[in-house]
Amino acid sequence: MTGPTRGASLRRPGNRQVTMATILQIEQIPVLNDNYVYLLREPATGSVGVVDPSVAAPVLARAQALSWRITHILNTHHHNDHTGGNLEIKQATGGIIVGPRADRARIPGIDVEVGDGDTYLFGQAPAQVFDVPGHTRGHIAFWFAESNALFSGDTLFTLGCGRLFEGTPQQMWTSLGKLRRLPDATRVYCGHEYTQSNARFALTVEPDNAALRAYSARVDAMRAEGKSTVPGLLGEEKATNPFLRADQASLAAHVGLSADDPVAVFAAVRRRKDVF
Ligand code: ZN
Ligand code: FE
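To convert, count from 1 in the sequence shown and add 1311; that's the numbering used here.
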């Protein structure tokens, strides 16, 4: 996993240039009430990306403290608590703004438009892009497979999902299905620290889920110590997050529906959460 060649391009016998996997360094910056902004550094090229800058000042300050020079801004969706720092950071650093093609008109300063199926090369680290509409109609997620890192914005939260401001239950269930297919070892870097309140809700719809109860207890302990509960682990989310489990009989039964119609189950669970 480690060694001096990590992230470097090597000449191999046969004259074929081989690019080694490049693992991102990731820094989490809590801002506003409960938002998370992420700084990513790709070690081979020194590229530094900011994911979803709500605001500029704390992001610029952290980058400076790390001696990381910001080269990119990555946006998952247009909401101001994810893009509010775009222009100031771009002005200060010259960083390239990468955001959803489907929502280009609402992403301040967008330079590069990406969408479903695209692979965006951040330095030497490929990010696979998924269109994940539902919370907003142009929401995207970035998956860095080599780093086991998913930046899910306000689509997939730890133990929850985003509100359906601009989409239907069918759209959101389909979007979450794309993320659910990723490997269990994927870390979920979401846009907010909502895990504890999400856990309280999740326990109302799957009270007998032992994995959920264990996760919830752990989250309570972490929050009592003021610790971040993000990133989560996708494998654990699959076993506990009700919004990834609308096709599970235990959850469907609890809301009086059949797991044969996961969209209806998803919609019912989402409605309950909206008024929880
Ligand atoms: Zn949002
Ligand atoms: Fe948000």
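Where a beta carbon is used, it is the ideal one built from N, C-alpha and C, also for glycine. Remember, it's a predicted structure, so these values are computed and weren't measured experimentally.
For VAL1348, the uninterrupted beta strand (DSSP E) segment begins and ends at 1346-1353. Every residue whose Cβ sits closer than 7 Å to any heavy atom of the ligand FE is listed here in chain order: ASN1346, HIS1390, ASP1392, HIS1393, ASP1465, GLY1502 and HIS1503. Taking C-beta separations shorter than 7 Å and ignoring five residues to either side along the sequence, the partners of VAL1566 in its chain run VAL1516, VAL1576, ALA1579 and VAL1580, following chain order. With respect to the 7 Å criterion, GLN1482 and GLY1428 are not classified as neighbours on the basis of their beta carbons. Counting along the chain, TRP1454 sits inside the beta strand (DSSP E) bounded by residues 1451-1455. At least 7 Å separates the beta-carbon of ILE1337 from that of VAL1361. When the five nearest sequence neighbours on each side are left out, the beta carbons in the same chain lying within less than 7 Å of the beta carbon of VAL1348 are those of ILE1340, VAL1342, VAL1361, VAL1362, ASP1363, PRO1364, SER1365 and VAL1370, in order along the chain.
Residues TYR1505 and ASN1509 of the same chain have their beta carbon placed closer than 6 Å to that of GLY1471, with the five preceding and five following residues left out of the count.
For SER1463, the enclosing beta strand (DSSP E) covers residues 1460-1464. 7 Å or more divides the Cβ of PRO1573 from the Cβ of ALA1560. Per DSSP, VAL1370 is not a residue of any beta strand (DSSP E); the alpha helix (DSSP H) it occupies stretches across 1368-1377.
In the DSSP assignment, HIS1383 falls within the beta strand (DSSP E) that extends over 1383-1385.
Taken through DSSP and simplified to helix, strand or coil, ILE1337 comes out as strand.
For SER1486, the enclosing alpha helix (DSSP H) has its first and last residue at 1480-1491. Between THR1469 and GLY1537, the gap from beta carbon to beta carbon reaches 7 Å or more.
Sorting PRO1419, PRO1518, GLU1548 and PHE1441 by C-alpha distance to the C-alpha of ALA1564 places PRO1518 at the top. Inter-residue distance for THR1430 and GLU1457 is about 13 Å (C-alpha atoms, whole angstroms). In this structure, PHE1455 is the residue among GLY1473, PHE1455, ASN1397 and ASN1520 with its C-alpha nearest to the C-alpha of ALA1496. Per DSSP, the continuous beta strand (DSSP E) segment holding SER1358 begins and ends at 1358-1362. Counting along the chain, TYR1500 sits inside the beta strand (DSSP E) bounded by residues 1498-1501.
Bounds of the alpha helix (DSSP H) holding LEU1562 are 1560-1565. Rounded to the nearest whole angstrom, the C-alpha separation of PHE1512 and ARG1529 is 15 Å. For ALA1438, DSSP records a beta bridge to TYR1431.
Within a 10 Å sphere around the beta-carbon of GLY1357 sit fewer than 16 other beta-carbons, which makes this residue exposed.
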